[in-house]
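Numbering (mature numbering (1 follows the signal peptide of the UniProt record, and there is no 0)), first residue to last: -34 to -1, 1 to 193.
The structure appears right after this line, and notes come after that.
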């Protein structure tokens, strides 16, 4: 289910430093079939150099979306929408996002793929048997490694990964941002909430400047919410 967010940022002074306070966390239960609306108390402090009020860049903040999702700018200045992070696709039967070219919801020996040109999510048999290996240019390669196929630029090794534009395997600039995050992003289950005060906590959001909400594979695209 898509969730839309309202998160106005308020400037405040903490120990002589201007910090940006991102308003996060009260769940309003919507009627059946409606979107989930969230309002947020000031429980997350974001450092000024990470302030995101103006550029409205897609961002990952721990605990604010479901597994494998990030926040995208919504229709209004203070709205945010949870959807699949780049290189991940939405599977309607599971109502979840999964990484392309990995097992995900598929059976052992298969990986999550897209039928083309329909772009419908499917499972494809993996002809490669090595750990973390997938077929690429008629050979088996390891995901997120150079495989001696990609360039090394300014001491940065490019790796085999998902091109977030084509959603196909390609040589991409290597990064560790969120590569290993596979757990559910929610801080707690609905039934675990208590009346105890929420402690202030520092977080380091991760921005995805090239991510687009209305792209093949996202929930928004599947649900017809894109122009």
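Idealized CB from N, CA, C, for every residue including glycine.
Here the structure is a predicted model, which means the values were calculated and not measured.
Between the options, which lies nearest to residue i when the distance is taken from Cα to Cα?
{"i": "residue 51", "options": "193, 26, 111 and 189", "result": "26"}
{"i": "residue 76", "options": "91, 83, 86 and 129", "result": "91"}
{"i": "residue 79", "options": "132, 22, 177 and 189", "result": "132"}
{"i": "residue 121", "options": "139, 179 and 104", "result": "139"}
{"i": "residue 68", "options": "36, 83 and 108", "result": "108"}
{"i": "residue 24", "options": "30, 175 and 98", "result": "175"}
Going straight from the alpha carbon of residue i to that of residue j, what length do you get?
{"i": "residue 126", "j": "residue 40", "result": "31 Å"}
{"i": "residue 88", "j": "residue 94", "result": "18 Å"}
{"i": "residue 184", "j": "residue 173", "result": "18 Å"}
{"i": "residue 130", "j": "residue 177", "result": "8 Å"}
{"i": "residue 62", "j": "residue 49", "result": "9 Å"}
{"i": "residue 66", "j": "residue 55", "result": "7 Å"}
{"i": "residue 28", "j": "residue 46", "result": "14 Å"}
{"i": "residue 196", "j": "residue 192", "result": "Here the chain has residues from -34 to 193 only, and residue 196 is not among them."}
{"i": "residue 70", "j": "residue 33", "result": "12 Å"}
{"i": "residue 180", "j": "residue 96", "result": "34 Å"}
{"i": "residue 123", "j": "residue 82", "result": "30 Å"}
{"i": "residue 44", "j": "residue 116", "result": "40 Å"}
Taking the DSSP output, what are the residues bridged to residue i?
{"i": "residue 49", "result": "36"}
{"i": "residue 126", "result": "137"}
{"i": "residue 79", "result": "88"}
{"i": "residue 26", "result": "172"}
Using only the heavy atoms of the ligand ZN, determine whether one of them is closer than 7 Å to the beta carbon of residue i.
{"i": "residue 138", "result": "Ligands displayed in this structure: none; no statement on the ligand ZN is therefore possible."}
The beta strand (DSSP E) that contains residue i, what's its start and end?
{"i": "residue 57", "result": "54 to 57"}
{"i": "residue 62", "result": "62 to 65"}
{"i": "residue 171", "result": "No beta strand (DSSP E) contains residue 171, which DSSP labels as neither H nor E."}
{"i": "residue 101", "result": "99 to 102"}
Over what stretch of residues does the alpha helix (DSSP H) that includes residue i continue unbroken?
{"i": "residue 108", "result": "Premise fails: residue 108 lies in the beta strand (DSSP E), 105 to 108, not in any alpha helix (DSSP H)."}
{"i": "residue 185", "result": "185 to 188"}
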